[in-house]
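A short worksheet on the structure shown next.
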Amino acid sequence: HGTSRVNEHGHLEIGGVDTTELTSKFGTPLYVFDEQLMRETMRAYKSAWDATGLRYEVAYASKAFCTLAMCRIVAEEGLALDVVSGGELHTALKANFPSERIHFHGNNKTPDEIEQALNAGIGAFVVDNFHELALLGALAVEKGVVADILLRLSPGVEVHTHEYISTGQEDSKFGFDLQSGAAQQAIQLSLQTKGVRLVGLHSHIGSQIFETEGFKHAIDIVGNLFAQAVKEWGAKDLSVLNVGGGFGIRYTEGDTPLQVQQYIEAIAEGVKATFDSLGLAHPEVVIEPGRSIVGNAGTTLYTVGSSKNIPGVRKYVSVNGGMSDNPRPALYQAVYEAMLANRATEEPTEVVSIAGKACESGDMLIWDAKLPEVQAGDILAVSCTGAYNYSMASNYNRIARPAVVFVQNGVADVVVKRESFDDLVSLDVVPARLMDGVL
Ligand code: LLP
Numbered sequence: 072h073g074t075s076r077v078n079e080h081g082h083l084e085i086g087g088v089d090t091t092e093l094t095s096k097f098g099t100p101l102y103v104f105d106e107q108l109m110r111e112t113m114r115a116y117k118s119a120w121d122a123t124g125l126r127y128e129v130a131y132a133s134k135a136f137c138t139l140a141m142c143r144i145v146a147e148e149g150l151a152l153d154v155v156s157g158g159e160l161h162t163a164l165k166a167n168f169p170s171e172r173i174h175f176h177g178n179n180k181t182p183d184e185i186e187q188a189l190n191a192g193i194g195a196f197v198v199d200n201f202h203e204l205a206l207l208g209a210l211a212v213e214k215g216v217v218a219d220i221l222l223r224l225s226p227g228v229e230v231h232t233h234e235y236i237s238t239g240q241e242d243s244k245f246g247f248d249l250q251s252g253a254a255q256q257a258i259q260l261s262l263q264t265k266g267v268r269l270v271g272l273h274s275h276i277g278s279q280i281f282e283t284e285g286f287k288h289a290i291d292i293v294g295n296l297f298a299q300a301v302k303e304w305g306a307k308d309l310s311v312l313n314v315g316g317g318f319g320i321r322y323t324e325g326d327t328p329l330q331v332q333q334y335i336e337a338i339a340e341g342v343k344a345t346f347d348s349l350g351l352a353h354p355e356v357v358i359e360p361g362r363s364i365v366g367n368a369g370t371t372l373y374t375v376g377s378s379k380n381i382p383g384v385r386k387y388v389s390v391n392g393g394m395s396d397n398p399r400p401a402l403y404q405a406v407y408e409a410m411l412a413n414r415a416t417e418e419p420t421e422v423v424s425i426a427g428k429a430c431e432s433g434d435m436l437i438w439d440a441k442l443p444e445v446q447a448g449d450i451l452a453v454s455c456t457g458a459y460n461y462s463m464a465s466n467y468n469r470i471a472r473p474a475v476v477f478v479q480n481g482v483a484d485v486v487v488k489r490e491s492f493d494d495l496v497s498l499d500v501v502p503a504r505l506m507d508g509v510l
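Under our numbering, the first residue of the sequence shown carries the number 72, and numbering increases by one thereafter.
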């Protein structure tokens, strides 16, 4: 992937930096991001859209990986930003991300979060439900502002992906469904709600999607409602169609995602066909890719420790991280590939299963990885860990979270410091009556 290669020392190199130098300098586990690959992917999305002639916005879904430095890169590349919490919004604002290019998602935005976003003057709210519509309208009126909104619809499109990351079906906690008439009602209600201006409709059908039919189907369904809103209900400011994210990536050989350009071409075709047939002007199309921008760009480096061979059954090899830095195998049975970063030219000679260090049998990173004979002290590189790893990391077992470095042109920059044990206790409070002997 990207700038990864095996160098003359037989070591994995990313962004022109030898990964064994990274581990000796920054320790393990370590998340390493190939900055050039992230930037190239962002540019690929933009140039694919440029070729369609449609107005568009590419909003990076920051839930996939959100830090100050990442927000700076997204800002520099001219993308917009999708946030889903006060914390992500705060990160974006601290990074001086242009607030008008931020939109705010979420099925339960709190009054505080809505205020925070109104104060920042963000570009748009993606309103998920009736409660939020009323709350946002009231808070905006109180402040004497009008908030631009999109309505999140749940178009009833099912795509083939893991149940927990499929979101567009009717029975979902997200958005207004069309079947019950909630979507139709929400559009009409929002046109009468003071403090909000309905500018767009949104749908997101799921994540890690390898085909384009689901997008086209959703565009058709949402497009028809868009037409009804404009023609029958007088939605005069409606001009944005947000089709969400979900573009798949290759984690392993078996994954068959499309190219960025193929997704965009299909979406653009779908939008043009639907809107032309409805006799409507082409909308501005927004997409919200997360995984596909950062997923392949991330690699996690671990140090190998103990091994255990159960003859005739399996060999376990443990690394100094696991579900605390990558919960995806435990949560979704996600499959990853690994190599030895310090012996990258050696042929695989054994099949081993890579265990994490958490006290949990389910903390297995990879089942049946083919590797050269693994020894304690080897550096194991797990690829494609850029999306939903750091952002979903936890301190289970009070394991400190790894550092994050961005590498490019032979330079490594720390963008998140390694958590220390003192960081882990920094928010703990000991009541005075228990203070005896506490340091
Ligand atoms: N837009 C909306 C409204 C979303 O809900 C999501 C993801 C995205 C965009 C970005 O989707 P992406 O391009 O990254 O597929 N933790 C799970 C993925 C959860 C996705 C949630 N929503 C995982 O690790 O696979």
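Cβ atoms here follow ideal geometry from the backbone N, Cα and C, with glycine treated the same way.
All of these numbers come straight from a predicted model, not from anything done at the bench.
- Under the 8 Å Cβ criterion, the region 129-139 counts as touching the region 364-375, having at least three qualifying pairs.
- Close CB contacts of PHE245 within its chain, under the 7 Å cut and outside five residues either way in sequence, are with ASN178, ASP199, ARG223, SER225, THR238 (chain order).
- Non-local beta-carbon contacts of ALA409 in its own chain, meaning distances under 8 Å to residues more than five positions away in sequence, involve ILE425, LEU436, ILE437, ALA440, LEU442, LEU451, ALA452, VAL453, SER454 in chain order.
- The residue among ILE320, GLU444, ILE338, ASP347 with its C-alpha nearest the C-alpha of SER378 is GLU444.
- The beta carbon of LEU125 lies closer than 6 Å to those of ALA339, HIS353, VAL356 in the same chain, with the five residues before and after it left out.
- With a threshold of 16 other beta carbon atoms within 10 Å, THR181 falls short and is exposed.
- Per the coordinates, the alpha-carbon of TYR459 lies some 30 Å from the alpha-carbon of LEU206.
- LEU312 carries a strand assignment under DSSP once its states are collapsed to helix, strand and coil.
- Taking all protein chains shown into account, GLY305 has fewer than 16 neighbouring C-beta atoms within 10 Å of its C-beta and is therefore exposed.
- Boundaries of the alpha helix (DSSP H) around MET109: 106-121.
- Here the C-alpha atom of LEU221 lies approximately 8 Å from the C-alpha atom of ASN313.
- For ALA289, the distance from the CB to the nearest heavy atom of ligand 1 is not below 6 Å.
- With a beta-carbon spacing of about 3 Å, ALA132 and GLY361 fall inside the 8 Å limit used to define contacts.
- At least one heavy atom of ligand 1 lies closer than 6 Å to the C-beta of SER278.
- Within the chosen limit of 6 Å, ligand 1 reaches the beta carbon of GLY361 through at least one heavy atom.
- In this structure, ASP219 sits away from ALA188, with a CB-CB distance that is not shorter than 7 Å.
- Boundaries for THR162: no beta strand (DSSP E) harbours it, while the alpha helix (DSSP H) harbouring it runs 157-165, taken from the DSSP string.
- Among the bridge pairs identified by DSSP, GLU421 is matched with LEU442.
- Check the Cα spacing between VAL478 and each of ASP347, GLU148, LEU108: the tightest is with LEU108.
- Distances taken from the Cβ of ALA401 to the heavy atoms of ligand 1 include none shorter than 6 Å.
- Residue burial is scored here from C-beta neighbours: GLN330 has fewer than 16 other C-beta atoms within 10 angstroms and is therefore classed as exposed.
- The shortest C-alpha to C-alpha distance from ALA130 to any of GLU159, ALA122, THR123, GLY149 is the one to GLY149.
- For TYR127, the distance from the CB to the nearest heavy atom of ligand 1 is not below 6 Å.
- The region 484-493 and the region 395-402 do not touch, with fewer than 3 CB-CB distances between them shorter than 8 Å.
- In this structure, GLY158 has its CB at a distance of at least 6 Å from all heavy atoms of ligand 1.
- THR99 is positioned such that its CB atom lies no closer than 7 Å to that of LEU309.
- Here the distance from the Cβ of GLY315 to the nearest heavy atom of ligand 1 is below 6 Å.
- When rounded, the separation of the alpha-carbon atoms in ARG321 and GLN279 is 9 Å.
- For the pair SER395 and ILE470, the CB atoms are nearer than the 7 Å cut-off.
- Burial state of GLU284 is exposed, judged by a 10 Å Cβ sphere holding fewer than 16 other Cβ atoms.
- In the structure shown, the three-state DSSP call for THR94 is helix.
- Beyond the five residues adjoining it in sequence on each side, ARG143 comes within less than 6 Å, by CB distance, of ALA166 in the same chain, given in chain order.
- If you draw a straight line from the Cα of LEU260 to the Cα of ALA254, it is about 10 Å long.
- Counted as a single uninterrupted DSSP element, the alpha helix (DSSP H) harbouring ARG362 occupies residues 362-365.
- Scanning ILE290, VAL422, THR370 for the CA closest to the CA of ASP347 turns up ILE290.
- For ALA163, the CB stays at least 6 Å from every heavy atom of ligand 1.
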